[in-house]
Amino acid sequence: MDAPLLQQREKLATHLIKQLGHRRMAASFHRTAAEAKDAVLALIPSPARVSRCGSESAGGLGLWAAIAAKPGVTLMDPYAPGLTPADGLEVRRQGLLADVLVTSTNALTLDGRLVNLDGSGNRVAGMLFGPQKVLLLVGMNKVVADLEAAFARVRTIAAPANNIRLAGLGLKNPCIEDGRCHNCRSETRICNAWTIIEGSSVKDRIHVVLVGEDLGY
Ligand code: SF4
Numbered sequence: 001m002d003a004p005l006l007q008q009r010e011k012l013a014t015h016l017i018k019q020l021g022h023r024r025m026a027a028s029f030h031r032t033a034a035e036a037k038d039a040v041l042a043l044i045p046s047p048a049r050v051s052r053c054g055s056e057s058a059g060g061l062g063l064w065a066a067i068a069a070k071p072g073v074t075l076m077d078p079y080a081p082g083l084t085p086a087d088g089l090e091v092r093r094q095g096l097l098a099d100v101l102v103t104s105t106n107a108l109t110l111d112g113r114l115v116n117l118d119g120s121g122n123r124v125a126g127m128l129f130g131p132q133k134v135l136l137l138v139g140m141n142k143v144v145a146d147l148e149a150a151f152a153r154v155r156t157i158a159a160p161a162n163n164i165r166l167a168g169l170g171l172k173n174p175c176i177e178d179g180r181c182h183n184c185r186s187e188t189r190i191c192n193a194w195t196i197i198e199g200s201s202v203k204d205r206i207h208v209v210l211v212g213e214d215l216g217y
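Counting in this note's numbering, the sequence shown runs from 1 upward without gaps.
Here it is in C-alpha cells:
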C-alpha cells in the first residue's frame, strides 16, 4: 500500500480506537490483512464454539479454515459443503449461542458507530446479543464520515457487491444486472434489516480489528 495512505489510516485508526472505546467497544489496528488475521485468531479462546457469519473480509483471507484448524475450536459453518438449506438455517440459529461470532461490518463512522444491513438477520442479531465475544474484521476502506455516508456506502457499494457475490445462489435482484441499488421488492432481496450499534452494554464484548489494507466491501 502507498506509504502516506497507510500512515493516514494508522493515524485515523488511533482516533477510531478512542471513539469505539468511548462506546465500550475494544479495537486494535493492524497494518496488513495477514497481521489482522493473526490478531483475530489470537482473540479466540480455546475451547470455543465460533459462529461464521457472511463476511467477504474474512473469507478472502482464509480465516475460516484457520479458525477451524485451531485446537479446541469448533467452527459453526452454515456454508459447509453438503448442508441442506434447512441444515444451514439450523447452524445459523445455533450460532446465536456460540461463544464467539466472527464477521465484519458494512460501515464504521468516524465517531465509532457500526452500521449494517442484513438479509436473514442472523449476523446482526448475533452482533447485538448472544455470543459472548464478537470479533469484527474491518478494512479501513469501510470508514465513513457519518451515518448518512454509512447508509450511502452500504446502498451504493456493499449491498450490490454482496448481491453479485451471492448471485450463484439464485438471487434475482436488479442490482446484479447493473451494480446499482433499486431499493427493490424482489422476493430474493437480501437487504432486510438495518442496524446501528451505538455502543456495547457489556464492555469490550465487541472487538473491532481494523485493517490498514482494503478488505471486503
Ligand atoms: S434493495 Fe434490492 S436492488 Fe438494492 S441492493 Fe438490495 S437486493 Fe439489490
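Every residue gets a Cβ at the ideal spot worked out from N, C-alpha and C, and that includes glycine.
Paired residues, beta bridge with His30 - DSSP: Under DSSP, His30 forms a beta bridge with Val211.
Which partner residues does Ile17 have in the DSSP bridge list? For Ile17, which the question treats as bridged, DSSP gives no partner whatsoever.
C-alpha distance - Ala27 paired with Leu210, whole-angstrom precision: Cα to Cα, the separation comes out at about 7 angstroms.
For Ile164, which residues of its own chain have a beta-carbon under 8 angstroms away from its beta-carbon, when the five flanking residues on both sides are left out? Taken in chain order, the residues that qualify are Cys175, Ile176, Gly179.
My guess is that Ser201 and Met25 are in contact by the Cβ rule of under 8 angstroms, so how many angstroms apart are they, rounded? At roughly 11 angstroms, the Cβ-Cβ gap does not stay under 8 angstroms, so Ser201 and Met25 are not in contact.
Give the DSSP-derived three-state secondary structure of Gly59 in the structure shown. Annotated three-state conformation of Gly59 is helix, per DSSP.
With distances taken between CB atoms, is the gap from Lys276 to Leu108 smaller than 7 angstroms? Residue 276 is absent from the structure shown; the chain starts at 1 and stops at 217.
For Tyr79, is the classification buried or exposed, using 16 other Cβ atoms within 10 angstroms of its Cβ as the cut-off for buried? Result: exposed.
Once you ignore the five residues that flank Ala161 on each side, which residues in its own chain have a CB closer than 7 angstroms to its CB? Cβ neighbours of Ala161 beyond the five flanking positions: Tyr217.
Check your reading: residues with Cβ closer than 6 angstroms to the ligand SF4 heavy atoms: Any residue whose Cβ sits closer than 6 angstroms to a heavy atom of the ligand SF4 makes the list: Ala159, Pro160, Asn163, Asn173, Pro174, Cys175, Cys181, His182, Asn183, Cys184, Ser186, Arg189, Ile190, Cys191.
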